[in-house]
Amino acid sequence: MKVLTFGITREIIGAAEITLSGNSVTSVEQLRSVLTERYPKLSQLNSLAIAVNEVYANDEIQLNEEDVVALIPPVSGG
Amino acid sequence: MKVLTFGITREIIGAAEITLSGNSVTSVEQLRSVLTERYPKLSQLNSLAIAVNEVYANDEIQLNEEDVVALIPPVSGG
Amino acid sequence: MIKNIEISADSLSLQRCRDFVNSPANGAEAVFIGTVRNATNGQAVSKLFFEAYESMAIKEMNLIADQALHSFRISKIAIHHRIGELGIGEIPVIIAVGSAHRKAAFQACQYAIDTLKEKVPIWKKEYLTSGEVWVSAHP
Amino acid sequence: MIKNIEISADSLSLQRCRDFVNSPANGAEAVFIGTVRNATNGQAVSKLFFEAYESMAIKEMNLIADQALHSFRISKIAIHHRIGELGIGEIPVIIAVGSAHRKAAFQACQYAIDTLKEKVPIWKKEYLTSGEVWVSAHP
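Chains as they are written, first to last, in numbering that gives the first Met the number 0: chain L, 0 to 77; chain U, 0 to 77; chain F, 0 to 138; chain A, 0 to 138.
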């Protein structure tokens, strides 16, 4: 699945987009642990929300190969 | 003393300005009773404030011949 | 100058009020714009007429601005009021406030319009289909 | 149309936001204008950079507008946000609300800016003398 990065998560991960296999990552919770293991600096953020197909998602949400996931570090618009 | 009228008080009194003798009217309270006796419709208003020299005045305020008094019916600006 | 008070027979300018309160130290500006509604209590309004005790109204508007600057953490305030005849959609009043933070800007702007409507010697006559009425004059 | 949502790389227009919410049935318009401050926590700011997850941000801004229209007695709302690089005094956000009465206009305007700052996926990088910082990212 496609994982989009924004703001500081793009700087931590070093890419605007990465691709993960839907076989190994089947829930938002699992995605979180895979990412924070691979990029430990993500766990230093004030918060890290996950959007699935442009909607904020709870950890229990299941993921499919075709989902577009986005990492949402603390927002600061306005 | 000069008494300015505004809004509905101008229509009730029929003049933008009247002159009262400072000898007969020495306080705001007295001014009120003289005016409401002469123009009974003033007592039908929601409220009638009195300004003396462009400042809202209590009934106890004393009046002098050279004061500029204004009748302030309910305001409705904005 | 941190306050800008005007009563005018000409159209009010939103941009001019906003530009007055703009400052590099501000992060927030709150603006209130009053407009002439086409109805009041279910009756159609065709136009309004505003009259002011101008010299005293300017003093009272200055008091409101001073009080707002004193009570809230704001840096600048503009209060402009129009007089004369206004058609539907025209603007009788604009209040603009500039501040470092938004909460103070909103609070000061609301305080200013609430107090203006309560204290400033300006009167509004409504032209209804049933006749002319000085607003709030009678119970 | 009762809501107008935009994300733009060009300068925002106060007049355009205000004109959108104007209506003959309104008596009140409340406007919030965010501006780039020259300092944050006592440190000088030279400029800001705003990045958005644009498609989702538009959805979230629409949600805010729908919620404001549902929760308060307002008739129209415009929410415009800018992205890209902004200098001191420039405008990242404008929210305008039109309503019959002023209280609802102020409430809806505050609700919209508060919720925007909490929910909409837009990020701000500050350029300080000490370096660049993504705002609120770290404790």
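Quick reminder that beta carbons are idealized off the backbone N, C-alpha and C, glycines included.
Contact list for residue i against chain A, beta-carbon separation under 8 Å
| i | result |
| --- | --- |
| residue 71/L | 52 and 120 |
Backbone secondary structure at residue i - three-state DSSP
| i | result |
| --- | --- |
| residue 33/L | helix |
| residue 3/F | strand |
| residue 139/A | It is not possible to answer for residue 139/A, since the shown part of chain A is limited to 0 through 138. |
| residue 81/A | strand |
| residue 14/L | coil |
| residue 25/L | coil |
| residue 110/A | helix |
| residue 11/F | coil |
| residue 47/F | strand |
| residue 132/F | strand |
| residue 62/F | helix |
| residue 127/A | strand |
Proximity test, residue i beta-carbon vs the ligand MN heavy atom, cut-off 7 Å
| i | result |
| --- | --- |
| residue 31/F | Annotation note on the ligand MN: not contained in the displayed structure, which lists no ligands. |
Supposed close pair residue i, residue j - CB separation, criterion 8 Å
| i | j | result |
| --- | --- | --- |
| residue 49/F | residue 76/U | 7 Å |
| residue 82/F | residue 8/F | 6 Å |
| residue 107/A | residue 76/A | 7 Å |
| residue 27/A | residue 86/F | Going by Cβ atoms, the distance from residue 27/A to residue 86/F rounds to 17 Å, so no, they are not a contact pair. |
| residue 31/A | residue 64/F | Wrong, their Cβ atoms sit about 20 Å apart, outside the cutoff. |
| residue 45/L | residue 73/L | 5 Å |
| residue 3/L | residue 70/L | 7 Å |
| residue 80/A | residue 6/A | 5 Å |
| residue 21/U | residue 47/U | Not confirmed; about 20 Å, so no contact. |
| residue 73/F | residue 103/F | 5 Å |
| residue 33/L | residue 24/L | 6 Å |
| residue 0/U | residue 58/U | No, residue 0/U and residue 58/U are not in contact; Cβ-Cβ is about 16 Å, not under 8 Å. |
Listed by chain order, chain L residues near residue i by CB distance under 7 Å
| i | result |
| --- | --- |
| residue 135/A | 45, 73 and 75 |
Under 9 Å from the C-beta of residue i: neighbouring residues of chain A
| i | result |
| --- | --- |
| residue 17/L | The premise fails here: residue 17/L is roughly 15 Å from chain A at the closest Cβ pair, so nothing lies under 9 Å. |
Those residues which DSSP pairs with residue i across a bridge
| i | result |
| --- | --- |
| residue 55/L | 50/L |
| residue 52/A | In DSSP, residue 52/A forms no bridge with anything. |
| residue 39/F | 42/F |
| residue 68/U | 2/U and 51/U |
| residue 98/A | 27/A and 73/A |
| residue 117/F | Partner(s): none; residue 117/F has no beta bridge. |
| residue 32/A | 28/F and 93/A |
| residue 61/U | 26/U |
Interface residues of chain U facing residue i [CB-CB closer than 8 Å]
| i | result |
| --- | --- |
| residue 58/F | 53 and 54 |
| residue 46/F | Correct list: empty, because the minimum Cβ distance to chain U is about 15 Å. |
Contact list for residue i against chain A, beta-carbon separation under 7 Å
| i | result |
| --- | --- |
| residue 12/L | Simply none; closest approach about 13 Å. |
Under 7 Å from the C-beta of residue i: neighbouring residues of chain F
| i | result |
| --- | --- |
| residue 7/U | 133 and 136 |
Within chain L, the residues that residue i reaches when beta carbons sit closer than 9 Å
| i | result |
| --- | --- |
| residue 2/A | Within 9 Å Cβ-Cβ: nothing; residue 2/A doesn't reach chain L, min ~18 Å. |
Within chain F, partners of residue i - CB distance below 8 Å
| i | result |
| --- | --- |
| residue 84/U | No answer is possible for residue 84/U: the residues shown for chain U start at 0 and end at 77. |
Interface flag, residue i vs chain D, CB-CB below 8 Å
| i | result |
| --- | --- |
| residue 112/A | Included in the structure are the protein chains L, U, F and A, with no chain D among them. |
Fill in: Interface positions of the segment 42 to 55 of chain U facing chain F (Cβ-Cβ less than 7 Å), listed along the chain
Going along the segment 42 to 55 of chain U in chain order, one finds 43, 44, 45, 50 and 53 with a Cβ nearer than 7 Å to chain F.
Fill in: Contact set between the segment 86 to 120 of chain F and chain U, restricted to residues whose Cβ is under 8 Å from the partner
Listed by position along the chain: 91, 92, 112, 115, 116, 117, 118, 119 and 120.
Practice prompt. Mind checking the segment 65 to 86 of chain A against chain L and listing, in chain order, the residues whose C-beta falls within less than 8 Å of any C-beta there?
Written response: 80
Practice prompt. Output, in sequence order along the chain, the residues in the segment 5 to 37 of chain A whose CB is closer than 8 Å to any CB in chain L.
Written response: 33
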